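Beneath this line is the structure, given in C-alpha coordinates, with notes to follow.
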Amino acid sequence: MGARLTRIIVLAACFAGVLALDCAAGKKSLPARPPPPAIITPEIFRFRIGFWANLHQVLIHESLLPKPGFEGPKSLAHHSVAPMANLAAPDTAPWREALAYYGRRFTTRNTFTDEFMDAVRGFTACGNDPALHTSLGLAADWKTLLGNAAPVYRTNFWPAHERADRAYVEAIRSWVAKHGAWFVKRLVALYETPWPSAPVDVEVAPVVPPFGASTIGEPPFQGSHAPLIIVSSEDSGYTGESGLEMIFHEGSHLLVDRVQGLFDASAKRQGRSMPRGLWHFVLFYTAGHVARERLGPSYVPYAERPEHHIFDGAAAGTLRVLVRAWQPYLDGRATLDSAVDAVVAGF
(Lines of atoms letter the chains of each structure in order from A and count residues from 1; the text may use other names and numbers.)
(Lines give C-alpha, C1' and ligand atoms only; values in the text may rest on other atoms or scores of the structure.)
Protein backbone atom coordinates (compact mmCIF):
# COMPACT_ATOMS: atom_id res chain seq x y z
CA MET A 1 0.00 0.00 0.00
CA GLY A 2 2.83 2.38 0.85
CA ALA A 3 4.66 1.65 -2.42
CA ARG A 4 1.46 2.09 -4.42
CA LEU A 5 0.73 5.43 -2.73
CA THR A 6 4.26 6.56 -3.45
CA ARG A 7 3.83 5.72 -7.17
CA ILE A 8 0.54 7.65 -7.28
CA ILE A 9 2.16 10.71 -5.72
CA VAL A 10 5.09 10.53 -8.16
CA LEU A 11 2.80 10.14 -11.16
CA ALA A 12 0.65 13.06 -9.99
CA ALA A 13 3.72 15.20 -9.58
CA CYS A 14 4.95 14.29 -13.07
CA PHE A 15 1.53 15.03 -14.55
CA ALA A 16 1.43 18.39 -12.81
CA GLY A 17 4.91 19.20 -14.09
CA VAL A 18 3.96 18.29 -17.67
CA LEU A 19 0.76 20.33 -17.39
CA ALA A 20 2.71 23.30 -16.08
CA LEU A 21 5.19 23.04 -18.92
CA ASP A 22 2.36 22.81 -21.47
CA CYS A 23 0.65 25.82 -19.96
CA ALA A 24 3.88 27.80 -19.95
CA ALA A 25 4.50 26.87 -23.55
CA GLY A 26 0.94 27.80 -24.39
CA LYS A 27 1.37 31.20 -22.77
CA LYS A 28 4.50 31.85 -24.79
CA SER A 29 2.68 31.05 -28.01
CA LEU A 30 -0.20 33.49 -27.38
CA PRO A 31 0.17 36.92 -29.00
CA ALA A 32 0.86 39.78 -26.59
CA ARG A 33 -2.17 41.81 -25.62
CA PRO A 34 -2.15 45.40 -26.91
CA PRO A 35 -1.92 48.08 -24.21
CA PRO A 36 -5.22 49.67 -23.16
CA PRO A 37 -6.14 52.71 -25.23
CA ALA A 38 -4.98 56.03 -23.80
CA ILE A 39 -7.67 58.27 -22.34
CA ILE A 40 -7.60 61.42 -24.44
CA THR A 41 -9.17 64.54 -22.97
CA PRO A 42 -10.71 66.69 -25.70
CA GLU A 43 -8.92 69.97 -26.26
CA ILE A 44 -10.89 72.72 -24.52
CA PHE A 45 -9.03 75.83 -25.67
CA ARG A 46 -6.81 76.44 -28.70
CA PHE A 47 -4.37 79.21 -27.84
CA ARG A 48 -3.11 81.58 -30.53
CA ILE A 49 -0.44 84.26 -30.52
CA GLY A 50 -0.83 86.45 -33.59
CA PHE A 51 1.24 89.45 -34.60
CA TRP A 52 -1.68 91.42 -36.08
CA ALA A 53 -4.04 90.76 -33.19
CA ASN A 54 -1.33 91.87 -30.76
CA LEU A 55 -0.61 95.03 -32.73
CA HIS A 56 -4.31 95.90 -32.82
CA GLN A 57 -4.87 95.42 -29.07
CA VAL A 58 -1.71 97.35 -28.20
CA LEU A 59 -2.73 100.30 -30.35
CA ILE A 60 -6.15 100.45 -28.69
CA HIS A 61 -4.60 100.33 -25.22
CA GLU A 62 -1.95 102.95 -25.98
CA SER A 63 -4.46 105.29 -27.65
CA LEU A 64 -6.84 105.07 -24.67
CA LEU A 65 -4.23 105.65 -21.97
CA PRO A 66 -4.19 109.47 -22.30
CA LYS A 67 -7.98 109.70 -22.17
CA PRO A 68 -9.64 110.77 -18.89
CA GLY A 69 -11.19 107.90 -16.98
CA PHE A 70 -9.29 105.11 -18.70
CA GLU A 71 -6.87 103.30 -16.44
CA GLY A 72 -6.30 100.17 -18.47
CA PRO A 73 -7.16 96.64 -17.45
CA LYS A 74 -6.79 96.45 -13.67
CA SER A 75 -3.11 95.78 -12.98
CA LEU A 76 -2.09 97.71 -16.12
CA ALA A 77 -3.56 101.00 -14.91
CA HIS A 78 -1.70 103.93 -16.45
CA HIS A 79 0.91 101.50 -17.77
CA SER A 80 2.21 101.77 -21.33
CA VAL A 81 3.27 98.52 -22.95
CA ALA A 82 4.69 100.29 -26.00
CA PRO A 83 6.26 103.58 -24.85
CA MET A 84 6.92 105.98 -27.69
CA ALA A 85 10.00 107.27 -25.88
CA ASN A 86 11.70 103.97 -26.75
CA LEU A 87 11.38 104.55 -30.50
CA ALA A 88 14.07 105.81 -32.83
CA ALA A 89 13.26 109.03 -34.66
CA PRO A 90 12.24 107.39 -38.00
CA ASP A 91 9.76 105.12 -36.20
CA THR A 92 8.01 107.84 -34.25
CA ALA A 93 5.87 109.30 -37.05
CA PRO A 94 4.14 106.10 -38.28
CA TRP A 95 3.51 104.99 -34.71
CA ARG A 96 2.08 108.36 -33.70
CA GLU A 97 -0.17 108.41 -36.78
CA ALA A 98 -1.53 104.95 -35.95
CA LEU A 99 -2.20 105.99 -32.35
CA ALA A 100 -3.99 109.13 -33.51
CA TYR A 101 -6.21 107.08 -35.82
CA TYR A 102 -7.08 104.63 -33.06
CA GLY A 103 -7.65 107.54 -30.68
CA ARG A 104 -10.26 108.95 -33.09
CA ARG A 105 -11.91 105.62 -33.84
CA PHE A 106 -12.08 103.75 -30.54
CA THR A 107 -13.35 104.42 -27.06
CA THR A 108 -14.09 102.13 -24.12
CA ARG A 109 -17.72 102.13 -25.28
CA ASN A 110 -17.44 101.08 -28.91
CA THR A 111 -14.99 98.19 -28.67
CA PHE A 112 -17.87 95.69 -28.75
CA THR A 113 -19.61 96.89 -31.90
CA ASP A 114 -20.00 94.53 -34.87
CA GLU A 115 -17.40 96.47 -36.85
CA PHE A 116 -14.86 96.08 -34.08
CA MET A 117 -15.58 92.40 -33.49
CA ASP A 118 -15.40 91.59 -37.21
CA ALA A 119 -12.01 93.30 -37.27
CA VAL A 120 -10.83 91.25 -34.28
CA ARG A 121 -11.76 88.04 -36.08
CA GLY A 122 -9.94 89.29 -39.17
CA PHE A 123 -6.75 90.10 -37.28
CA THR A 124 -6.82 86.64 -35.69
CA ALA A 125 -7.16 85.08 -39.14
CA CYS A 126 -4.09 87.02 -40.32
CA GLY A 127 -2.03 85.38 -37.59
CA ASN A 128 1.68 86.03 -38.09
CA ASP A 129 1.49 86.58 -41.84
CA PRO A 130 3.85 89.26 -43.17
CA ALA A 131 0.96 91.44 -44.37
CA LEU A 132 -2.74 91.86 -43.72
CA HIS A 133 -4.95 89.69 -45.89
CA THR A 134 -6.37 91.47 -48.91
CA SER A 135 -9.79 90.02 -48.03
CA LEU A 136 -9.78 91.73 -44.63
CA GLY A 137 -12.72 94.13 -44.64
CA LEU A 138 -11.07 97.20 -43.16
CA ALA A 139 -11.26 100.78 -44.34
CA ALA A 140 -8.39 101.59 -46.69
CA ASP A 141 -6.89 104.23 -44.39
CA TRP A 142 -6.99 101.79 -41.45
CA LYS A 143 -5.12 99.17 -43.46
CA THR A 144 -2.55 101.70 -44.61
CA LEU A 145 -1.82 102.96 -41.10
CA LEU A 146 -1.51 99.42 -39.74
CA GLY A 147 0.82 98.52 -42.59
CA ASN A 148 3.02 101.51 -41.73
CA ALA A 149 2.97 100.78 -37.98
CA ALA A 150 3.68 97.06 -38.36
CA PRO A 151 7.47 97.33 -38.95
CA VAL A 152 7.75 99.67 -35.95
CA TYR A 153 5.89 97.23 -33.72
CA ARG A 154 7.73 94.18 -35.06
CA THR A 155 11.14 95.72 -34.33
CA ASN A 156 10.51 97.47 -31.03
CA PHE A 157 7.72 95.78 -29.07
CA TRP A 158 6.66 92.48 -30.60
CA PRO A 159 9.59 90.33 -29.36
CA ALA A 160 8.88 91.14 -25.69
CA HIS A 161 5.13 90.83 -26.15
CA GLU A 162 5.45 87.48 -27.90
CA ARG A 163 7.61 86.16 -25.05
CA ALA A 164 5.03 87.29 -22.48
CA ASP A 165 2.24 85.71 -24.53
CA ARG A 166 4.09 82.40 -24.76
CA ALA A 167 4.81 82.39 -21.04
CA TYR A 168 1.09 82.93 -20.34
CA VAL A 169 0.09 80.09 -22.67
CA GLU A 170 2.57 77.67 -21.14
CA ALA A 171 1.32 78.46 -17.63
CA ILE A 172 -2.43 78.45 -18.35
CA ARG A 173 -2.21 75.20 -20.31
CA SER A 174 -0.95 73.41 -17.21
CA TRP A 175 -3.86 74.75 -15.15
CA VAL A 176 -6.39 73.76 -17.82
CA ALA A 177 -4.84 70.30 -18.21
CA LYS A 178 -5.26 69.69 -14.48
CA HIS A 179 -8.69 71.23 -13.90
CA GLY A 180 -10.30 72.00 -17.26
CA ALA A 181 -12.43 68.89 -17.77
CA TRP A 182 -13.93 69.32 -14.29
CA PHE A 183 -14.74 73.00 -14.94
CA VAL A 184 -16.44 72.23 -18.25
CA LYS A 185 -18.60 69.50 -16.72
CA ARG A 186 -19.59 71.70 -13.79
CA LEU A 187 -20.41 74.79 -15.87
CA VAL A 188 -22.35 72.83 -18.48
CA ALA A 189 -24.49 71.36 -15.71
CA LEU A 190 -25.11 74.75 -14.07
CA TYR A 191 -25.97 76.64 -17.25
CA GLU A 192 -27.75 73.65 -18.83
CA THR A 193 -26.02 74.43 -22.11
CA PRO A 194 -23.45 72.29 -23.96
CA TRP A 195 -19.85 73.41 -24.32
CA PRO A 196 -18.77 74.04 -27.95
CA SER A 197 -17.78 70.80 -29.64
CA ALA A 198 -14.65 72.30 -31.21
CA PRO A 199 -11.81 73.84 -29.17
CA VAL A 200 -12.48 77.48 -28.28
CA ASP A 201 -9.94 79.80 -29.90
CA VAL A 202 -8.11 82.04 -27.43
CA GLU A 203 -6.09 84.93 -28.86
CA VAL A 204 -3.41 86.08 -26.42
CA ALA A 205 -2.14 89.67 -26.38
CA PRO A 206 -0.32 91.75 -23.76
CA VAL A 207 -3.35 93.97 -23.19
CA VAL A 208 -7.05 93.64 -23.98
CA PRO A 209 -8.83 96.93 -23.28
CA PRO A 210 -10.92 97.87 -21.52
CA PHE A 211 -11.20 94.92 -19.09
CA GLY A 212 -8.32 92.51 -19.67
CA ALA A 213 -10.29 89.94 -21.70
CA SER A 214 -13.35 89.68 -23.91
CA THR A 215 -15.36 86.94 -25.60
CA ILE A 216 -17.44 86.80 -28.75
CA GLY A 217 -19.52 83.93 -30.10
CA GLU A 218 -22.82 82.24 -29.36
CA PRO A 219 -24.70 79.05 -30.26
CA PRO A 220 -24.52 77.38 -32.76
CA PHE A 221 -20.80 78.30 -32.48
CA GLN A 222 -20.18 78.22 -36.22
CA GLY A 223 -19.22 80.75 -38.89
CA SER A 224 -19.84 84.29 -37.69
CA HIS A 225 -20.97 82.84 -34.34
CA ALA A 226 -17.73 80.92 -33.72
CA PRO A 227 -16.26 81.50 -30.26
CA LEU A 228 -13.20 83.70 -29.82
CA ILE A 229 -11.70 84.74 -26.49
CA ILE A 230 -9.07 87.47 -26.31
CA VAL A 231 -7.07 87.52 -23.07
CA SER A 232 -4.25 89.62 -21.64
CA SER A 233 -0.92 87.94 -20.95
CA GLU A 234 0.34 90.80 -18.76
CA ASP A 235 -2.66 91.48 -16.51
CA SER A 236 -1.81 89.70 -13.26
CA GLY A 237 -5.50 89.04 -12.62
CA TYR A 238 -5.41 86.54 -15.48
CA THR A 239 -2.51 84.46 -14.15
CA GLY A 240 -2.25 81.56 -11.73
CA GLU A 241 -5.39 80.38 -9.94
CA SER A 242 -7.35 83.50 -10.86
CA GLY A 243 -6.25 82.98 -14.46
CA LEU A 244 -7.90 79.56 -14.35
CA GLU A 245 -11.09 81.09 -12.99
CA MET A 246 -11.10 83.87 -15.55
CA ILE A 247 -10.45 81.74 -18.62
CA PHE A 248 -13.56 79.77 -17.63
CA HIS A 249 -15.38 83.01 -16.80
CA GLU A 250 -14.75 83.98 -20.42
CA GLY A 251 -15.83 80.54 -21.58
CA SER A 252 -19.03 80.93 -19.56
CA HIS A 253 -20.02 83.82 -21.82
CA LEU A 254 -20.69 81.12 -24.42
CA LEU A 255 -23.10 79.28 -22.09
CA VAL A 256 -25.09 82.02 -20.38
CA ASP A 257 -27.77 82.82 -23.00
CA ARG A 258 -30.33 80.37 -21.60
CA VAL A 259 -29.90 81.61 -18.02
CA GLN A 260 -30.04 85.24 -19.17
CA GLY A 261 -33.34 84.46 -20.88
CA LEU A 262 -34.68 82.90 -17.68
CA PHE A 263 -33.82 86.07 -15.73
CA ASP A 264 -35.59 88.25 -18.29
CA ALA A 265 -38.69 86.05 -18.25
CA SER A 266 -38.78 85.93 -14.45
CA ALA A 267 -38.44 89.71 -14.15
CA LYS A 268 -41.33 90.19 -16.58
CA ARG A 269 -43.47 87.64 -14.74
CA GLN A 270 -42.75 89.21 -11.33
CA GLY A 271 -43.00 92.78 -12.56
CA ARG A 272 -39.54 93.64 -11.26
CA SER A 273 -36.56 95.55 -12.62
CA MET A 274 -33.15 93.91 -12.50
CA PRO A 275 -29.83 95.71 -12.12
CA ARG A 276 -28.18 96.45 -15.43
CA GLY A 277 -25.91 93.59 -16.45
CA LEU A 278 -27.21 91.22 -13.79
CA TRP A 279 -26.34 88.24 -15.98
CA HIS A 280 -22.68 89.33 -15.97
CA PHE A 281 -22.61 89.59 -12.18
CA VAL A 282 -24.06 86.06 -12.11
CA LEU A 283 -21.28 84.99 -14.47
CA PHE A 284 -18.61 86.49 -12.21
CA TYR A 285 -20.12 84.97 -9.08
CA THR A 286 -20.61 81.52 -10.61
CA ALA A 287 -17.12 81.21 -12.09
CA GLY A 288 -15.58 82.45 -8.85
CA HIS A 289 -17.43 80.06 -6.59
CA VAL A 290 -17.01 77.12 -8.94
CA ALA A 291 -13.27 77.90 -8.80
CA ARG A 292 -13.46 77.91 -5.00
CA GLU A 293 -15.15 74.49 -5.08
CA ARG A 294 -12.23 73.16 -7.08
CA LEU A 295 -9.31 75.04 -5.54
CA GLY A 296 -10.39 75.05 -1.90
CA PRO A 297 -12.12 77.35 0.60
CA SER A 298 -9.12 79.68 0.91
CA TYR A 299 -9.49 80.76 -2.73
CA VAL A 300 -10.92 84.28 -3.11
CA PRO A 301 -12.95 84.74 -6.31
CA TYR A 302 -11.67 87.36 -8.75
CA ALA A 303 -14.76 89.58 -8.49
CA GLU A 304 -14.68 89.59 -4.69
CA ARG A 305 -11.14 90.92 -4.43
CA PRO A 306 -11.26 94.62 -3.50
CA GLU A 307 -8.68 95.63 -6.10
CA HIS A 308 -10.96 94.56 -8.95
CA HIS A 309 -13.95 96.73 -7.91
CA ILE A 310 -16.55 94.38 -9.44
CA PHE A 311 -18.98 94.40 -6.51
CA ASP A 312 -18.32 97.98 -5.40
CA GLY A 313 -21.02 100.59 -4.70
CA ALA A 314 -24.53 99.55 -5.64
CA ALA A 315 -23.20 96.22 -6.86
CA ALA A 316 -22.50 95.28 -3.23
CA GLY A 317 -26.24 94.73 -2.89
CA THR A 318 -26.17 92.45 -5.93
CA LEU A 319 -23.50 90.34 -4.27
CA ARG A 320 -25.66 89.96 -1.16
CA VAL A 321 -28.60 88.79 -3.27
CA LEU A 322 -26.44 86.24 -5.10
CA VAL A 323 -25.06 84.86 -1.83
CA ARG A 324 -28.58 84.48 -0.48
CA ALA A 325 -30.47 83.34 -3.59
CA TRP A 326 -27.99 81.97 -6.16
CA GLN A 327 -25.53 80.12 -3.93
CA PRO A 328 -28.16 77.50 -2.93
CA TYR A 329 -28.36 76.53 -6.61
CA LEU A 330 -24.58 76.12 -6.80
CA ASP A 331 -24.76 73.99 -3.65
CA GLY A 332 -27.45 71.73 -5.14
CA ARG A 333 -30.12 72.90 -2.68
CA ALA A 334 -32.31 74.67 -5.27
CA THR A 335 -33.36 74.23 -8.88
CA LEU A 336 -32.28 76.63 -11.60
CA ASP A 337 -35.78 78.02 -12.05
CA SER A 338 -36.35 78.58 -8.34
CA ALA A 339 -32.93 80.21 -7.97
CA VAL A 340 -33.60 82.57 -10.86
CA ASP A 341 -36.95 83.59 -9.35
CA ALA A 342 -35.34 84.09 -5.94
CA VAL A 343 -32.60 86.30 -7.37
CA VAL A 344 -35.09 88.45 -9.28
CA ALA A 345 -37.31 88.72 -6.19
CA GLY A 346 -34.34 90.05 -4.27
CA PHE A 347 -34.35 93.36 -6.20
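Reading the sequence shown from the start, the letters are residues 1 to 347 in our numbering.
Backbone N, C-alpha and C fix where the C-beta goes; we use that ideal spot for every residue, glycine too.
Computed from a predicted structure; not experimentally measured.
In whole angstroms, what separates the C-alpha of residue i from that of residue j?
| i | j | result |
| --- | --- | --- |
| S29 | E43 | Only weak support is given to the placement of S29: the predicted model assigns it a pLDDT of 48, under 50, and the question is left unresolved by the model. |
| V152 | L295 | 43 Å |
| E115 | R121 | 10 Å |
| T134 | C126 | 10 Å |
| T193 | R186 | 11 Å |
| V188 | S298 | 24 Å |
| A171 | R272 | 44 Å |
| T108 | S233 | 20 Å |
| A85 | W95 | 11 Å |
| V184 | E97 | 44 Å |
| R105 | I60 | 9 Å |
| R46 | A181 | 14 Å |
| A226 | A119 | 14 Å |
| L278 | G223 | 28 Å |
| D331 | G50 | 40 Å |
| V200 | I229 | 8 Å |
| L262 | F248 | 21 Å |
| I216 | A89 | 38 Å |
| A326 | P306 | In the sequence as presented, Ala is not what sits at residue 326; that position holds Trp. Roughly 21 Å between the two C-alpha positions. |
| S80 | F157 | 11 Å |
| L130 | A53 | Reading off the sequence, residue 130 comes out as Pro, not Leu. Using only the alpha carbons, I get a separation of about 13 Å. |
| A150 | Q57 | 13 Å |
For the beta strand (DSSP E) containing residue i, list its first residue and its last residue.
| i | result |
| --- | --- |
| I216 | 213 to 216 |
| F284 | Note, F284: premise wrong, no beta strand (DSSP E); alpha helix (DSSP H) at 278 to 295. |
| R324 | Per DSSP, R324 belongs to no beta strand (DSSP E) and is neither H nor E. |
| R48 | 45 to 48 |
Would you mind giving the Cβ-Cβ distance between residue i and residue j, rounded to the nearest angstrom? I have them listed as a contact below 8 Å.
| i | j | result |
| --- | --- | --- |
| Y302 | G237 | 6 Å |
| T124 | E203 | 5 Å |
| D235 | P73 | 5 Å |
| G346 | V323 | 10 Å between Cβ atoms; not a contact. |
| F281 | A316 | Going by Cβ atoms, the distance from F281 to A316 rounds to 11 Å, so no, they are not a contact pair. |
| L283 | V256 | 6 Å |
Which residue marks the beginning of the alpha helix (DSSP H) containing residue i, and which one marks its end?
| i | result |
| --- | --- |
| W95 | 89 to 105 |
| H61 | 51 to 64 |
| K74 | First-last for K74: undefined, no H or E at that position. |
| Y153 | 140 to 156 |
| N114 | Position check: residue 114 holds Asp in this sequence, whereas Asn was assumed. Counting along the chain, the alpha helix (DSSP H) containing D114 begins and ends at 114 to 126. |
| V344 | 336 to 345 |
| K67 | Premise fails: K67 is in no alpha helix (DSSP H) and is neither H nor E. |
| R258 | 257 to 270 |
Touch test, the region 262 to 282 against the region 208 to 215, Cβ-Cβ under 8 Å, three pairs minimum: The region 262 to 282 and the region 208 to 215 do not touch, with fewer than 3 CB-CB distances between them shorter than 8 Å.
At least three beta-carbon pairs within less than 8 Å, the region 174 to 188 to the region 129 to 141: With the cut-off at 8 Å, the region 174 to 188 and the region 129 to 141 do not touch.
Inter-stretch contact at 8 Å, needing at least 3 Cβ pairs: the region 278 to 290 / the region 249 to 261: Yes, they touch.
Completely contained beta strand (DSSP E) runs for the region 198 to 245, where each covers 3 or more residues: Whole beta strand (DSSP E) segments, 3+ residues: 200 to 205, 213 to 216, 228 to 232.
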